[in-house]
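Residue numbers (mature numbering (1 follows the signal peptide of the UniProt record, and there is no 0)): -24 to -1, 1 to 1005. Backbone N, C-alpha and C define an ideal beta-carbon position, used for all residues, glycine too. What follows is a short report on a single structure.
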């Protein structure tokens, strides 16, 4: 199983990969989505993020790997994750767009995305695909060649850096969106742009929030640039440095030299940069908007910055700012967009020359009448459309599920191949008359499997002109040509590049212009095509392709996974209440849908008036508007009632299964009788009593995975969410090491490395690799402050970008001397709370010696401070034993699913054990009293008694595990060669003693309880005994 890299993309990504990476792996992550407070632009803001990281964790894989991501939604919002640019072959259900391929993950629920990377290399990314949450829920997805960096079709870089360009609102971005939807207007513009979540020192209060890129003079770096901004194309430059573009959207390009990169939302660019400027200076990394919309349109005219600095100069002068293009420099942008060409390589798909389907799709803005859920709208609302169809999401089920299950009425298969009226598309005079108006609908374009489709995207000047970055899910697009004005087939075809057109998943349609692309519909399912300006998607600038099944089982849409999220009203569990509003009704008022709606409308109106009168933020109005919209959605309402004497007690009357009973029981709407004059309408999900009962019944075949167990421990408050992530990353390391151990002989990982560790032991090759795996998983979890390995000289402080709250000590591969003989081995770990003495910071001026000293002090804690401990044994099966202080639990790795499954609960050491485990090869070197004790174990105990049996493996994990299950005594005493014993207190004795005591046993050095002993040094060794007494 592949090593998981959870880390933030705020630092350089190392290129040291394992030799085994040519083999396909399973890379597993846990995404805990929740609200998190960050400080930007002088204010604290609560944002929604993954794993308390902004931007989110990096997923790093090789072509051919399989990705598994467990998404746990702890936020107050519905959530989906889209893996931008991934083909999702045979995994269409994992694509992620809300209500297109899946129903959302409700608050308090989870869903596991599983998909493989096939035929793709380069930089992609992942982001939320519901509401505007991708403003803060996003991160890189890096795909390297299966053979590693040696297979790059360009000079190997010294290091890599992910550069994520984002957008920041000095407000709650959900409120900003809700206000726009409620009023029918476009949302407010952003207040800043960001580089890796940091705005840069040109903004107020942002000197500490500036991205820094440290480079070595003369080295070449690969910059993986991602535009994660919601609504802006961006110019990107680094003062004093040039680029060579080598890939876009995970497709290699002919090397293209440039000093300016132009990148639209959703797009990625891989560019080589030689660090060849004067190392005596610092250089600004800068990005700002490219604005192609009509003059006079409001836009964010600020500039985000980072700092490039050379490591050879600690105190350089002020940074040099690059000369950025003007905001409206269309020639520079067009030159960049239109000069990229694909790099032809053996086996690379080429543009299809025969076309089966031709489409001309107009893209632009328009108007629609205000909807019922837009209480602040006056007359008409902004909309957007393709071929005058303004895309409207269904309420339930998702479009893909409707297709798979044959559910009628969700969508139609009649999206037009041409606009309903041909007109002078780019002439601004079309702003008046009937062309301005559009209509809502959900129409799909049906495509025969494996058909070649040619699409012309024609921009219009209705209301305004803009560059629309159009993204098609599930496919790569061959961009044949692009230009300005109206598309003219006779002239345009002369410009088609049918040899090596650039390959993209997101194409910028020039403002007042057109773009033409082809793709082969060889991926069955429902695929969303939409504008990646987030301001345009919710108002309808999208459509879907419905690709038919192919002739073979491998080319047909597979069924949805068992844990596939269900939409409200078709069996999903009730999410947490999001909003409650209350009003007093007369006893005779009927509790119907209309009363709830009128109530919400009244609240909305009053809140809006109050906000305008007091010039206060419109959060209350927006919340009420959201409530009004929810009332119109019957699957989101519960009615609860209370008497005036007990208004705080709210009891649901019933689930609401259909519109005729929005706010009542399943019977006809009934009146609320006195003395219950208070009506509570709450946004919630629905769950019938039968469903609630069913959830309490468990199948006799039900299994509990480690992930599920950790979540239950978190819910029981035995651990917190951050410790869950640490333990999950450890389980990933164990899976990776298990795979390496099993293939050690094949992969040439047996034998001695040729070095010794800090303990003076010969390091096996697998010791070194396992240590790297364990260290990287822990560092990149984003939740560890310090890690200490038995194989390292000193503990390591995790740098600030990755730093978390926990200290983890570990022996990556205990018993490695047994590897060549294929005898059981294992990993041991312990987790402590942090001390304040060790704090790593990339800008810390303290010396390395002082940092190491603080780390050692922080790590050297007694075992009584342990929060969790465990071991993983690699034998005939892979076994994980774990305690978080409430007993010992044992999990077995299921090789079929790649999951640790709970197999033993609250394990206790048997008191009647009759096995002793000592290395009697050292018998003559022991103390006389110890020899006498061991001799006594060999004598029968009383009449008819039996002596103890001797069992010794030479692997602490293996011997300990047997003693844990069978009882007896384990000992590794000191002798004449090892005066203080040989097992390390910090890495082995303390974690194992914590497990032993949780199982009813005891760890001792013969005189003291192990957990009471505080290490003086990280290398302290001692005598160790495990017994039930």
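Asked                                                                                                                                                                                            : Found
Please classify residue 460 as buried or exposed, where buried requires at least 16 neighbouring CB atoms within 10 angstroms.                                                                   : exposed
Three-state secondary structure (DSSP) at residue 643?                                                                                                                                           : Annotation note: pLDDT 31 at residue 643 (below 50); position unreliable, coordinate value reported separately. Of the three classes helix, strand and coil, the one that applies to residue 643 here is coil, per DSSP.
Nearest to residue 262 by alpha carbon, out of 168, 61, 504?                                                                                                                                     : 168
Provide the residue(s) that pair with residue 494 in DSSP beta bridges, ordered along the chain.                                                                                                 : 430, 454
Quick check on this structure: which residue in 541, 515, 151, 223 has the alpha carbon closest to the alpha carbon of residue 128?                                                              : 223
May I ask which residues mark the beginning and end of the alpha helix (DSSP H) holding residue 188?                                                                                             : No alpha helix (DSSP H) contains residue 188, which is instead part of the beta strand (DSSP E) from 187 to 191.
Can you give the Cα-Cα distance for residue 344 and residue 367, rounded to whole angstroms?                                                                                                     : 12 Å
State the DSSP-derived secondary structure class of residue 505, mapped to helix, strand or coil.                                                                                                : strand
Can you give me the start and stop residues for the alpha helix (DSSP H) that residue 462 sits inside?                                                                                           : First-last for residue 462: undefined, no H or E at that position.
Could you name the residues of the same chain whose beta carbon sits closer than 7 Å to that of residue 379, not counting the 5 residues immediately before and after it, in chain order?        : 502, 522
Going by beta carbon distance, what residues of the same chain come within less than 7 Å of residue 298, once the five residues before and after it are set aside?                               : 213, 214, 215, 260, 262
Check whether the Cβ atoms of residue 62 and residue 47 sit closer than 8 Å, and answer yes or no.                                                                                               : no
Mapping DSSP to helix, strand and coil, what is residue 805?                                                                                                                                     : strand
Could you give the first and the last residue of the continuous beta strand (DSSP E) run that contains residue 311?                                                                              : Segment 306 to 314 is the alpha helix (DSSP H) holding residue 311; no beta strand (DSSP E) there.
In chain order, what are the residue ranges of uninterrupted alpha helix (DSSP H) at least 4 long that sit wholly in the segment 832 to 920?                                                     : 904 to 913
With DSSP as the reference, identify every bridge partner of residue 142, one or two as the case may be.                                                                                         : 170
Residue 947 bridges to which residues according to DSSP?                                                                                                                                         : 1001
Applying the 10 Å Cβ sphere with the 16-neighbour rule, what's the burial state of residue 246?                                                                                                  : buried
Just reading off the alpha helix (DSSP H) that residue 752 is part of, what are its end residues?                                                                                                : 741 to 756
For residue 342, does the three-state DSSP call read helix, strand or coil?                                                                                                                      : strand
Quick check: what's the CA-CA separation for residue 705 versus residue 396?                                                                                                                     : 54 Å
Looking at the unbroken beta strand (DSSP E) that takes in residue 246, where does it start and where does it end?                                                                               : 244 to 250
Looking only at C-alpha atoms, which of 38, 904, 358, 196 sits nearest to residue 160?                                                                                                           : 358
Since residue 517 is in the beta strand (DSSP E), which residue starts that stretch and which ends it?                                                                                           : Residue 517 -> no beta strand (DSSP E), and no H or E assigned at all.
Going by C-alpha distance, which of 542, 709, 693 is nearest residue 847?                                                                                                                        : 709
Taking the beta carbon of residue 899 as the centre, do at least 16 other beta carbons fall within 10 Å, making it buried, or is it exposed?                                                     : exposed
Identify, in the order they occur along the chain, each residue of the same chain with its Cβ nearer than 6 Å to the Cβ of residue 937, setting aside the five sequence neighbours on each side. : 849
Report the three-state DSSP secondary structure of residue 136 (helix, strand or coil).                                                                                                          : strand
Could you compute how far the alpha carbon of residue 438 sits from the alpha carbon of residue 485?                                                                                             : 15 Å
Starting from residue 470, trace the alpha helix (DSSP H) both ways and give me its first and last residue.                                                                                      : Where residue 470 is concerned, there is no enclosing alpha helix (DSSP H), given that its DSSP letter is neither H nor E.
Quick one: what's residue 228 bridged to in DSSP?                                                                                                                                                : 223
Which stretch, first to last residue, makes up the beta strand (DSSP E) that contains residue 87?                                                                                                : 86 to 92
When you compare each of 838, 394, 840, 765 to residue 805 by their alpha carbons, which one comes out closest?                                                                                  : 765
Roughly how many whole angstroms lie between the Cα atoms of residue 1006 and residue 434?                                                                                                       : There is no way to answer for residue 1006, as the model of the chain reaches only from -24 to 1005.
Grab me the residues of residue 229's own chain with a C-beta within less than 7 Å of its C-beta, minus the 5 sequence neighbours each way, in chain order.                                      : 221, 222, 223, 316, 317, 318, 319, 478
Going by the beta-carbon positions, is the gap between residue 446 and residue 483 smaller than 8 Å?                                                                                             : yes
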